[in-house]
Structures are given as C-alpha cells and as structure tokens.
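Numbering of the sequence shown is given in our numbering, commencing with residue 457 and proceeding in unit increments.
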Amino acid sequence: MPKPCAICLRNVLVSFNLQALRRFFPILDWGSRYNRDTLTNDGIAALIVTIMLIPQSLAYALLAGLPAEMGLYASILPLVAYAIFGTSRALAVGPVAVVSLMTAAAVGNMALQGTAEYAMAAITLAFLSGLILLAMGLFRLGFLANFLSHPVIAGFITASGILIAVSQLKHILGVSASGHTLIETVQSIVSHLGQINYITLVIGVSATAFLFWVRKGLKPFLIGRGLTPRMADIATKAGPVAAVVVTTLVSLIFGLADHGVKIVGDVPRGLPPLTLPVFSGEVWSQLFGAAVLISIIGFVESVSVAQTLAAKRRQRIVPDQELIGLGASNIAAAVSGGYPVTGGFARSVVNFDAGAETPAAGAFTAIGIGLAALFLTPLLYFLPIATLAATIIVAVMSLVDFSILRGTWSYSKADFVAVLATILLTLGFGVETGVSAGVILSIGLHLYKTSRPHIAEVGLVPGTEHFRNIKRHEVLTAPHVVTIRVDESLYFANARYLEDYIYDRVADCDEIEHIVLMCPAVNEIDHSALESLEAINLRLKDQGISLHLSEVKGPVMDRLQKSHFLQSLTGQVFLSQFAAIKALEGQAEPQSA
C-alpha cells in the first residue's frame, strides 16, 4: 500500500501534468465544461459564419491567384487545428484579404499564376509560416510583434485594402491587367479599357452595389418588414451567398460564358487532399522573408481582434499560445492543400455577435465548409468571377480607414509621418516593401522617441511630498540642489542625451552643489548607460558637485550593486526624493521656482 507522502506526490504530479496539457491544449479546459446550451450557441454561430465564409474563401483564393478550391481547403482543417490549440473563444481563422494579397506578392515572384508550381509555393509558404509561428510560440517570442506599432499596422492595412480593391477592378471590367503596385495596376487597367466586357461590367457593378446595400441597408429593411433582429442579421450575413446564387443562375441560363464572361469553371469535388510542402533550400530561402512578414502581420491582427473580443466577456487569451494555435492552423493548411491563414476581423466579429462561446464554433464551421466542398462545388461552375471580385471589394473597403492620418496628425507628428510613409510605400512599391518599411519605421520611431527622453527639472509641491516639473507647477527649489527626473529607461541610444542635458545644466552655474537623478520611471540601465553615469559622476566630481540617485527600482539597484558605480558615487542613493531634498536642503532655504 503506497505511503501518504507518495500519494500526495503522485497527486501533485498528476495535477502538474494536467495543467501543462491544458496550457498546450486549451480544448481540454473549455471542453471539460461543454454542455448542450454551449453546443446550441456554437452551432448557430457556425452556421452564420459558414454562410459568410463560403463566398469569402473562394474570393480570397482568387485574390491570392490560386484555384478557388484552395480557399475552401484553407477553411477546413486549419479551423479544427485552431479549435484544439487556440485560446480565443471567438476568433474565426481562415483566409483573409491582406494575407491573400501578401501570398500573391510572395509567390508571384517565383512561379506563373495558374501553374502547379504556383500552388505548391503557396502551400510551402503556409508551412513555413506555421513553423515560424510555432517556434515563436514555443520560445515565447510573442513580444516581437510589438515592434510593429499600431499606427503603422493601420497604415499598412489601409494601403493594402486600396491595393486589393483596385486589383479587383479588372475582374469587374472583364479585362486583363496586372501589377503589384497601385500605379502599375491602374496603368495596366487603363491601357486595357478598350477590352471591357459590358456584360461582365453589369454583373460586377450590380453585385458590388447589392453587397454594399446588404451591408448597410438590408438589416434595417428586414426589421422594418417585421423580421426579428436575429433573423435579419442571419439574412444580412447570407447576402454574399444570395449574390453568388443569383449571378450563377443568370450565367447558367443565359450562357454568359459564351459571351466572354469569365466564370470559376470546374471546382474539384471532395474533401481536401493530403499535400506536402516543397522541401527545397532554394525555395525556402526565397519564401522565408515573406513567411516572416505574413506570420507577424497575421499574428498582430489576430491577437488584436482576439483581445478586443475577449475583453467584452471578461475572458483572456494567451498570446504565446495563440502563436502555437495559428502555427498549427497554417501547418494544417499546408498539409490539406490550403495557403496561409490567420484570424479574420469581420468573421470574428460575426462569430462573436452570433453567440459563439468556444472555439468549437470554428470546428463546426469547418464541417460546414467540408460539406460545401463535398456537395456544392459542382454548382459553382458558372459562378462569374466578377461576383467574387465584388465580394472582395466590399469586404476590404471596411479595412480602409484614413482617420488614422487625422488622429496621428493631431496627436503625434512622428506617428503621422510613419503612417503616411507606410501607406505611400505600400501603394508605390508593393506589400512586401510596405510591411518591411513598417517594421523598420516602427523600430526607428521607438529608437527616436526613446533616444530623446523627456527630462524634467522638478521641485517640491508646497505642503506635500510630491515633486513636479518646475515649468508646469509652482514648486519649491533650492539653488544649490538640482533634481532631474528621467522619464525613460537608460540605454545606449539615450545615455549621451542625458549626459549633454546635465552638462548644459551645470555649465556656468556656480551655486549648484548637488545633482539628484530621480529614477521612478527608469526600469533598466544597460552597460552603455552605466558608463555614461560613471562619466557624469567623474565630471561632476571635478566641478565639486555631488551626484545622487533617488527612487531607484529594486531590479535596477540589484544590477547597479553588481558594478563599481555605487562605490565611486560621490553622493548617496535615497529611498525617496523627499528624503533626498530634506537631507540636502539644509545648506540653504528653499525658494519658489
């Protein structure tokens, strides 16, 4: 019979293993509490998202330059993988517009559109993106996505939305055109205006107008006719399906394909095939950069949406586990004939509003898409491509948001320049250049801001123990004591800036005997900054001025104690600034600043 201590140890180990499993397999957590009511809510949400996703998946495959069925394939197994590994209860994973455009840009440099090599390159891109996301998740590198600032991301997505919408005009007009940048695409379309197919134009414009009306006006119209808000919402989400059905029937009945209207054609019937990526060093090296950018952009957008939706229900997501969930989804796409996927904003909001309670809603959506792939694909033969283009245009126009320019202009000119540069570079040189520039601009903007930190000379607020900027408040100061507050961590990029500020402050000022460096906002001091502090200490010593520190955080002090700086410090380290000023002010009476 086992001893009590052995039983306790075994229970602890079992509990630890269960916690570890639930961390890597969140399905074990929410799945243990699954019930009939949750099943009903997830099922209804899945039905609505399935109706929305069928035309979108076909359209986004078209945008990526891939066969229509690959959009369906990318909407089946990846959703199941995310349901197992993802932590968001409402995120809807699948093909999205921006990633589809980035896929077309990356793969278009390697193979001709419509060839087997093109499709295999897209599959390989999904596999690489999955590996990168998995590696980031396992090594907890989700913080790397923070190097892309939100204004830059917003600028990139706005520019991508414009590029996508303009790129689809060729299908609305029924002309042949190409181009990876806005100028190239517009020039190509203009040069082919003589080839306009007016039947295609009527279908495309009609479908676009109808879908815009569905998005804005159908729900109020149906509610005004007595339909319940829930049923009106479902009917609104089914608008793209209605456009697909009607234009397909018109194409079939009137034989529009014989009049030059491009149709989807044969879509293979059946579940996704088992596929493998290309294992070639040359191919991987060509796709690696694009895979990194797609992974980062996809992760940033997914986490932003997931966190927003989770907060509304007082839930939480785990960003590093989200990396694993998205990584597994992309690998699932690669082995099932799909292309890179991520969490979609519009679909996720629909999923949330429809009442999805767990990631099982995504798995049920996968079942719906699987049934569509099995039984509905023959019906898509006569579907006009102009209808899919209209679906894309209406979907991506919601991504275009120029208010970010107005907001950043009034709030931060540096952010405005970064956003404007990202938009112009994306439109002028393509998505890869745009997002690469966005990363560089985000990092550069951070370095610029932190290299010139806010530094304030502070004084004591009368009747309190608080210290505030002498330029903003009526405070007490002592002429022989100068307190300088640094509102940023000290590192290689801003250490010299602090040096120059202090040297300028003490120059030609014989009254100063003490400099107190107030450090409540200093979270770290790297070695370069430490050397600057040592230089400041020595130079002030030569001028007969003592250097003191106050309000140094524990982790920062721990590191300083491992150096020789504190031993050579000419002054003291004070627990609070109030203690510092009380100890040093005795030589003269405070004055009003």
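Each residue gets a CB set at the ideal place from its N, CA and C atoms; glycine is no exception.
Please name the residue in Leu-547, Pro-607, Ile-510 and Leu-597 whose C-alpha comes closest to that of Trp-865.
-> Per the Cα distances, Pro-607.
Do the CB positions of Leu-765 and Ala-546 come within less than 8 Å of each other?
-> Cβ distance < 8 Å, so Leu-765 and Ala-546 count as in contact.
At least 3 beta-carbon pairs within less than 8 Å: the segment 995 to 1013 vs the segment 1024 to 1032 = Yes: the two stretches touch, three or more of their Cβ pairs being nearer than 8 Å.
Enumerate in chain order the residues of its own chain whose CB-to-CB distance from Ala-784 is below 6 Å, with the five nearest sequence positions on each side excluded.
-> Spatial neighbours of Ala-784 in its own chain (CB-CB distance under 6 Å, excluding positions within 5 residues in sequence) are listed in chain order as Ala-537 and Phe-541.
What is the DSSP secondary structure of Gln-1047, counted as helix, strand or coil?
-> Only weak support exists for where Gln-1047 lies, its pLDDT of 46 falling under 50; the coordinates are left without a value.
4 or more residues per run - each alpha helix (DSSP H) lying fully within the segment 854 to 879 = Within the segment 854 to 879, the complete alpha helix (DSSP H) runs of at least 4 residues are 859 to 867.
For the alpha helix (DSSP H) that Phe-744 lies in, which residues bound it at each end?
-> Where Phe-744 is concerned, the enclosing alpha helix (DSSP H) stretches over 737 to 768.
For Glu-573, does the three-state DSSP call read helix, strand or coil?
-> Shown here, Glu-573 sits in a helix according to DSSP, grouped into three states.
Taking the alpha-carbon positions, what's the Asn-565 to Ala-575 distance?
-> In a straight line, the C-alpha of Asn-565 is about 13 Å away from that of Ala-575.
With DSSP as the reference, please indicate the residues paired to Pro-840 in a beta bridge.
-> Under DSSP, Pro-840 forms a beta bridge with Ile-719.
Can you pull the DSSP bridge partners for Ser-1002?
-> Answer is His-970, bridged to Ser-1002.
Could you give the distance in angstroms between the alpha-carbon of Phe-472 and the alpha-carbon of Leu-730?
-> With a pLDDT of only 47 at Phe-472, under 50, the local geometry of the prediction cannot be trusted, and the value read off the model is given with reservation. Cα to Cα, the separation comes out at about 36 Å.
Beta-carbon gap between Glu-888 and Ala-562 smaller than 8 Å = In contact: Glu-888 and Ala-562 (Cβ atoms closer than 8 Å).
Just grab the DSSP bridge partners of Ala-912 for me.
-> According to DSSP, which records beta bridges pairwise, Ala-912 is partnered with Arg-941.
If we call anything under 8 Å between Cβ atoms a contact, is Leu-581 one with Leu-743?
-> A contact, by the Cβ cut-off of 8 Å.
Does the beta-carbon of Gln-624 have 16 or more other beta-carbons within 10 angstroms, so that it is buried, or is it exposed?
-> Using a 10 angstroms sphere on the CB of Gln-624, the tally of other CB atoms reaches 16 or more, which defines it as buried.
8 Å Cβ cutoff met for Gly-811 and Ala-501 = Contact annotation: Gly-811 and Ala-501 have beta-carbon atoms nearer than 8 Å.
First through last residue of the alpha helix (DSSP H) which encompasses Phe-710 | Careful: Phe-710 lies outside any alpha helix (DSSP H) and carries neither H nor E.
Give a single yes or no on whether Arg-478 has its beta carbon closer than 7 Å to a heavy atom of the ligand HEM.
-> The ligand HEM is not part of the structure shown, which contains no ligands of any sort.
Do we get a CB-CB distance below 8 Å when we pair Phe-735 with the residues of chain B?
-> Given the protein chain composition of this structure (a single chain), no chain B is represented.
From Leu-861 to Ile-620, what does the alpha carbon distance come to, in whole angstroms?
-> A direct Cα-Cα distance of roughly 20 Å separates Leu-861 from Ile-620.
Within 10 angstroms of the Cβ of Val-646, are there 16 or more other Cβ atoms? Answer buried if so, exposed if not.
-> Burial call: exposed.
Per DSSP, which residues does Val-1029 bridge with? Please list them.
-> Bridge partners of Val-1029: Leu-1005.
Are the segment 494 to 510 and the segment 814 to 831 in contact at 8 Å, needing three or more beta carbon pairs?
-> They touch, by the three-pair rule.
Can you round the beta-carbon distance between Ile-613 and Val-748 to whole angstroms, since I take them to be within the 8 Å contact cut?
-> About 18 Å; that fails the 8 Å criterion.
Val-1012 and Ile-992: beta carbons closer than 8 Å?
-> Cβ distance not < 8 Å, so Val-1012 and Ile-992 don't count as in contact.
Going by DSSP, name the residue or residues bridged to Val-549.
-> Beta-bridge partners of Val-549 (DSSP): Gly-799.
Using 8 Å as the threshold, is the segment 521 to 534 in touch with the segment 845 to 852, meaning 3 or more CB pairs across them?
-> The count of Cβ pairs closer than 8 Å, one atom from the segment 521 to 534 and one from the segment 845 to 852, stays below three, leaving the stretches out of contact.
Could you tell me the distance, in whole angstroms, from the CA atom of Val-942 to the CA atom of Thr-906?
-> The straight-line gap from Cα to Cα measures roughly 11 Å.
So which of Gly-919, Gly-915 and Leu-932 has the shortest CA-CA distance to Asn-925?
-> Comparing Cα positions, the closest option is Gly-915.
When the Cα atoms are used, what is the spatial distance from Glu-738 to Ala-577?
-> Straight-line spacing of the CA atoms in Glu-738 and Ala-577 works out to 12 Å.
Touch check for the segment 748 to 764 and the segment 791 to 800: three-plus C-beta pairs under 8 Å?
-> The segment 748 to 764 is in contact with the segment 791 to 800.
Is Ala-963 helix, strand or coil by DSSP?
-> The answer is coil: DSSP assigns Ala-963 none of H, G, I, E or B.
Own chain partners of Ala-1036 with C-beta closer than 7 Å, once the 5 adjacent residues on each side are dropped = Contacts found: Val-972, His-1004, Ser-1006 and Phe-1030.
Assuming Gly-611 contacts Ile-879 (C-beta within less than 8 Å), just tell me the rounded distance between them.
-> About 5 Å; that satisfies the 8 Å criterion.
Bridge partners of Ala-1110, per DSSP?
-> Within the shown structure, residues of the chain are numbered from 457 to 1049, placing residue 1110 beyond reach of any answer.
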